[in-house]
Amino acid sequence: MPLSYILGQEQPKHILKKALEFGSLPHAYLFYGPESVGKKLTAIELAKILNCTEKGPLDRCNTCPSCRKIEARTHPDFFLIEPEKTASGRDGQIKIEQIRDLQKKLVYLPYEGRVKVAVVDSAESLNLQAANSFLKTLEEPPSDTLIILVANNLYQLLPTIISRCQGIKFLSLRPEAVQKILTRKVESGDLALPLEELELRAARSRGRVHRAVEQDLERVQEYRNELLDLVEGSSFENMGQLFEWTRNRARQTEDLQDLLNELLTLIRDLAVLKRSAHPQWIFNRDLLDRLTPLAEQKSLSALLKMFDAAHRTKGALNANLNAQLTLDNMLISFCEAA
Ligand SMILES: [Zn+2]
């Protein structure tokens, strides 16, 4: 089956399979949606399918010279444009020189494959000059060429670019798909993580593979214990202890956003449990023994008020309001809701 290597993303796969079947690929696609859900991987798979010498252009074998060269990024008809890294190692911009270089190469007929495939990853990083230059390529597409733009954020793209591509929307992955992807990476040696952690990592990933990989589970564990103590102890009788917590925490402002994100996922899980949803929908499913009785104690309206208070606190801290005062206010709201 074509594109079976891509897990989840049924709708994008369906659209692409139909286009391959009917030979009706457009000149340019725009794959958009959350980061780390398989957009770039799908673009690379499509390049392999179109040029595979064994099964193409309806499927790919992944072992013929063409597939292997695309995988190794050495195929003369496959071009991957990415933002240049800045000095600090972050993604910078895609510059006009990169686009001009690509345009020169796209003029020629395919060198050894059937179709030239140009993938522009993080297309929102095209600077204005580069975007305007690239627009010309989209307006007059070179022959035997498929262009695939990959973007997380449509709003940062020029509308004129969007309008010249066929858009395909990618969604966040289900936790089961994330877990399968992680397992595959661990088993192939691409990722070094204990297999027993993968279910929890996937459940907490919000459907994005890189989030699942990057989580520091040890730190998460510390935060969650501390925060659940806080939620359990939220009552006006404990104000002394609660204010001591805010005093300590307000001194470590660099951790506060992570801590509040964690608090939001816990309150969210409690609210989901309150609606007796399937544990499959719980992010912190390893804590069910502790979350379930706590959810029983709190009313849904109390949990929603707490969520709202934590959310407002996050915004206030982002705006650099006084940390201790802001956290005090949040805990007073928690006590009122209790
Ligand atoms: Zn092949």
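In our numbering, the protein residues as written are 1 to 338. Ideal Cβ positions, reconstructed from N, Cα and C, are used throughout, including at glycine. Nothing here was measured: the structure is a model prediction, and the numbers come from that model.
Could you tell me the distance, in whole angstroms, from the CA atom of TYR108 to the CA atom of GLY8? Locating residue 108 in the sequence shown gives position 108, counting from the first residue. Locating residue 8 in the sequence shown gives position 8, counting from the first residue. If you take the alpha carbons of TYR108 and GLY8, they lie about 36 Å apart.
Would the beta-carbon of LYS48 be found less than 7 Å away from any heavy atom of ligand 1? In the sequence shown, the residue the question calls residue 48 occupies position 48. LYS48 Cβ: within cutoff of ligand 1.
In the DSSP assignment, the beta strand (DSSP E) including THR348 goes from what residue to what residue? Given a span of 1 to 338 for the chain in the structure shown, any question on residue 348 remains unanswerable.
With a threshold of 7 Å (Cβ to nearest heavy atom), would SER66 be considered close to ligand 1? Here the question's residue 66 lines up with position 66 in the sequence shown. Yes, Cβ of SER66 sits closer than 7 Å to a heavy atom of ligand 1.
Every unbroken alpha helix (DSSP H) within the region 259 to 319, with a cutoff of 4 residues, ordered by chain: 288 to 297 and 300 to 318
Could you check the C-alpha separation between ALA338 and ALA28 for me, to the nearest Å? As a first step, residue 338 must be located in the sequence shown, where it is residue number 338. As a first step, residue 28 must be located in the sequence shown, where it is residue number 28. Each residue's alpha carbon lies about 55 Å from the other.
Just curious, the beta strand (DSSP E) that PHE78 is in, first and last residue? On the sequence shown, residue 78 is found 78 positions in, with the first residue counted as 1. Looking at the DSSP string, the run of the beta strand (DSSP E) that includes PHE78 is 78 to 81.
Should SER24 go down as buried or exposed, given a rule of 16 or more other Cβ atoms within 10 Å for buried? To locate residue 24, count along the sequence shown from 1; it is residue 24. So SER24 counts as exposed.
So, at 8 Å on beta carbons, what are the nonlocal neighbours of LEU217 in its own chain, with the 5 sequence-adjacent residues on each side left out? To locate residue 217, count along the sequence shown from 1; it is residue 217. Taken in chain order, the residues that qualify are GLU197, LEU200 and ARG201.
Taking only three categories from DSSP, how would you classify PRO166? Indexing the sequence shown from 1 puts residue 166 at position 166. The amino acid at residue 166 is misidentified as Pro; the sequence shows Gln. Strand at GLN166.
List the endpoints of the continuous beta strand (DSSP E) containing VAL120. The residue you call residue 120 lines up with position 120 of the sequence shown. VAL120 -> beta strand (DSSP E) spans 116 to 120.
Does ligand 1 have a heavy atom nearer than 7 Å to the CB of ARG60? Taking the sequence shown and counting its residues from 1, one reaches residue 60 at position 60. Checking the Cβ of ARG60 against ligand 1 gives yes.
If you run the structure through DSSP and keep just helix, strand and coil, what is LEU58? Looking up residue 58 in the sequence shown gives position 58. Correct three-state label for LEU58: coil.
Quick one: is the Cβ of THR74 within less than 7 Å of any heavy atom of ligand 1? Residue mapping note: residue 74 aligns to position 74 of the sequence shown, counting from 1. Result no, Cβ not under 7 Å from ligand 1.
Does the Cβ of MET306 have 16 or more other Cβ atoms within 10 Å, making it buried, or fewer, making it exposed? Residue numbering aside, residue 306 sits at position 306 when the sequence shown is read from its first letter. That one is buried.
Close beta carbons around LEU303, own chain, < 7 Å, minus the five adjacent residues each side: In the sequence shown, counting from the first residue as 1, residue 303 sits at position 303. Same-chain partners within the cutoff: ILE267, LEU270, ALA271 and LYS274.
Cβ of GLU45 versus every heavy atom of ligand 1: is any distance shorter than 7 Å? Within the sequence shown, the letter at position 45 stands for residue 45. No - ligand 1 has no heavy atom lying nearer than 7 Å to the Cβ of GLU45.
Compare the Cα-Cα distances from PRO159 to each of PRO141, ALA123, GLU35 and ARG184 and report the closest residue. Translated into positions along the sequence shown, residue 159 becomes position 159. Closest option to PRO159, Cα to Cα, is ALA123.
C-alpha distance - LEU339 paired with GLY315, whole-angstrom precision: Within the shown structure, residues of the chain are numbered from 1 to 338, placing residue 339 beyond reach of any answer.
Give a single yes or no on whether CYS165 has its beta carbon closer than 7 Å to a heavy atom of ligand 1. Working through the sequence shown from its first residue, we reach residue 165 at position 165. Every heavy atom of ligand 1 is 7 Å or more from the Cβ of CYS165, so no.
Use the C-beta contact count for ASP91: other C-beta atoms within 10 angstroms, 16 or more gives buried, fewer gives exposed. For the purposes of this step, residue 91 is taken as the residue at position 91 of the sequence shown. ASP91 should be labelled exposed.
For the candidate residues ALA151, LEU287, VAL178 and ARG206, whose alpha-carbon lies nearest to that of GLU222? Residue 222 sits at position 222 when you count from the first residue of the sequence shown. Cα-wise, what sits closest to GLU222 is LEU287.
Would you report the Cα separation of LEU317 and THR326, rounded to the nearest angstrom? Against the sequence shown, residue 317 aligns to sequence position 317. Against the sequence shown, residue 326 aligns to sequence position 326. Cα to Cα, the separation comes out at about 7 Å.
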